[in-house]
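*Asks:* One line per chain: the protein sequences are A and B, in this order.
Per numbering that gives the first Met the number 0, the first sequence starts with residue 0, numbered consecutively.
Per numbering that gives the first Met the number 0, the second sequence starts with residue 0, numbered consecutively.
Dropping a structure here in structure tokens format, bear with me for questions.
There are 2 protein chains.
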Amino acid sequence: MCEQKYKTGELVALAEIGKETLRFYEKKGLLPKPSRTAGGYRIYTEKDLRRLLFIKNAKKLGLSLKEIGELLAIADGELVDCAEVRHIAQKRLDIINEQIDNLGKLKTILIDLINQCSKTNTINSCPIIDSLSKGVKK
Amino acid sequence: MCEQKYKTGELVALAEIGKETLRFYEKKGLLPKPSRTAGGYRIYTEKDLRRLLFIKNAKKLGLSLKEIGELLAIADGELVDCAEVRHIAQKRLDIINEQIDNLGKLKTILIDLINQCSKTNTINSCPIIDSLSKGVKK
DNA sequence: TAACTCCCTGTATTATACTACAGGGTTCCG
DNA sequence: CGGAACCCTGTAGTATAATACAGGGAGTTA
């Protein structure tokens, strides 16, 4: 029966974020407006902590706050249209595949550069500039 | 003997960027200050076009303008210290590997979500929230 | 009750990468 | 020479994601 309650300082310590960031997320609508003490202090629950950790992890995976907001809206049941969900997820998936592809190309270019560099020890012609001037598909 | 010369409008048309972006890059030091006509109009050369295309392609690969600037400095011979070059390249390579790794994880999560969605057609429990609340390594 | 820590609000600043004016000067065509 | 199209400068605004700070209130403990 005794659910854990946190004040701002306790929550930010547990989630390892700044207190300004917490308020920022609240203002952005990513976190619900918490209840308050008589003195006006915010009171958070376990649910808020989980939500905050979700935001943190999703960010780590490269999602923008806007996208995270959309996913949270789905989780909250505000957005129950399946087509909508699929659309968000698929759109992101396309971008991810493209990014993985691009990162692979950049990786090759950088490995070439590093090798080139260790061979000559001076750079007269630049392998990256050459590679990238020719263009990257898409 | 007749090298191609471009005015701002011609160059931005060829590179497919905005004219303000061109000035922005000049101010940032990514493009050298071009020579001018008697009337003060900027005159660009083929070399500038190649440089601009390099910036565009490097951006597509996810490099920041700051990193692009460092690579251009290398290409310009301003930075000929091999250790420095290797350092920039290796640092980026580490980030890339991590990003590829993270994107792969996100991809799995999203594919799960899409599948879940097409099975149930309604979302009662949210697979992404569940996945991400548990955390992502590193 | 003083002192101290924590919390409140609102506003301003940071960094990245542009994008959009306002108010002029230049070039070129007829 | 008139007018359109183009270019110049400087400043301001946009979006994203925070981060910092000023000025004040709340809660706790000696």
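Each residue gets a CB set at the ideal place from its N, CA and C atoms; glycine is no exception.
Keep in mind it's a predicted model, so treat the numbers as computed, not measured.
Please confirm if the segment 92 to 110 of chain A is in contact with the segment 94 to 113 of chain B, defined as three or more CB-CB distances below 8 Å between the two stretches.
*Replies:* yes
*Asks:* Where A/Lys32 and A/Thr44 are concerned, what is the direct C-alpha to C-alpha distance, given to the nearest angstrom?
*Replies:* 12 Å
*Asks:* Is it buried or exposed for B/Glu139, if we count other Cβ within 10 angstroms and need 16 for buried?
*Replies:* Past the boundaries of the shown model lies residue 139 of chain B; chain B is included only from 0 to 137, so the question cannot be answered.
*Asks:* Using beta carbons (cut-off 7 Å, strictly below), is B/Lys46 in contact with chain A?
*Replies:* no
*Asks:* Am I right that A/Lys14 and A/Lys55 are in contact with their C-beta atoms under 8 Å? What's the rounded C-beta distance?
*Replies:* Sequence inspection shows Ala at residue 14 of chain A; the Lys mentioned does not correspond to that position. Going by Cβ atoms, the distance from A/Ala14 to A/Lys55 rounds to 6 Å, so yes, they are a contact pair.
*Asks:* Give a yes or no on whether the minimum CB-CB distance between A/Ala88 and chain B is below 7 Å.
*Replies:* Judged by the 7 Å Cβ criterion, A/Ala88 is in contact with chain B.
*Asks:* Using the beta-carbon of each residue, which ones in chain A are nearer than 9 Å to B/Ile157?
*Replies:* Examination of residue 157 of chain B is not possible in this model, given that chain B is present from 0 through 137 alone.
*Asks:* Could you tell me the distance, in whole angstroms, from the CA atom of B/Thr36 to the CA atom of B/Phe53?
*Replies:* 26 Å
*Asks:* Can you confirm whether B/Ile95, when its beta carbon is compared against all beta carbons of chain A, has any partner nearer than 7 Å?
*Replies:* yes
*Asks:* Nearest to B/Gly38 by alpha carbon, out of B/Leu21, B/Arg50, B/Lys6?
*Replies:* B/Lys6
*Asks:* Less than 7 Å between CB atoms is the rule here; does A/Leu21 satisfy it with respect to chain B?
*Replies:* no
*Asks:* Just to confirm, is the Cβ distance from B/Leu105 to A/Leu60 under 7 Å?
*Replies:* Yes, the Cβ-Cβ distance between B/Leu105 and A/Leu60 is below 7 Å.
*Asks:* Relative to the alpha-carbon of A/Gly28, which residue among A/Leu10, A/Gly17, A/Leu51 has its alpha-carbon at the smallest distance?
*Replies:* A/Leu51
*Asks:* Please report how far the alpha carbon of A/Glu25 lies from the alpha carbon of A/Ile67, in whole angstroms.
*Replies:* 13 Å
*Asks:* With 7 Å as the threshold, decide whether the Cβ of A/Arg60 is near any Cβ in chain B.
*Replies:* Checking the sequence, you will find Leu at residue 60 of chain A rather than Arg. Chain B contact via Cβ: present.
*Asks:* Please go through the same chain and pick out, in chain order, the residues whose beta-carbon is closer than 8 Å to the beta-carbon of A/Leu10, but skip the five residues on each side of it.
*Replies:* Contacts found: Leu21, Tyr43, Asp47, Leu48, Leu51.
*Asks:* Taking Cβ positions only, does B/Leu92 come closer than 7 Å to chain A?
*Replies:* yes
*Asks:* Verify whether the separation of the beta carbon atoms of A/Lys99 and B/Ile99 is less than 7 Å.
*Replies:* The displayed chain sequence assigns Ile, not Lys, to residue 99 of chain A. Cβ atoms of A/Ile99 and B/Ile99: closer than 7 Å.
*Asks:* Check whether chain B comes within 7 Å of A/Leu140, counting only Cβ atoms and requiring the distance to be less than that.
*Replies:* Only positions 0 to 137 of chain A appear in this structure, which leaves residue 140 of chain A out of reach.
*Asks:* Just verifying my parser: in three-state terms, what is the DSSP assignment at A/Tyr40?
*Replies:* coil
*Asks:* Starting from B/Leu109, find everything on chain A with Cβ-Cβ shorter than 7 Å and list it in chain order.
*Replies:* Ala88, Arg91, Leu92
*Asks:* Considering only residues of the segment 9 to 39 of chain B, which uninterrupted beta strand (DSSP E) runs meet the minimum length of 3 residues and lie entirely inside it, listed in chain order?
*Replies:* Counting only runs that start and end inside the segment 9 to 39 of chain B, there is no beta strand (DSSP E) element of at least 3 residues.
*Asks:* Just verifying my parser: in three-state terms, what is the DSSP assignment at B/Lys4?
*Replies:* The three-state secondary structure of B/Lys4, taken from DSSP, is strand.
*Asks:* Enumerate in chain order the residues of its own chain whose CB-to-CB distance from B/Lys4 is below 8 Å, with the five nearest sequence positions on each side excluded.
*Replies:* Ile42, Tyr43, Thr44
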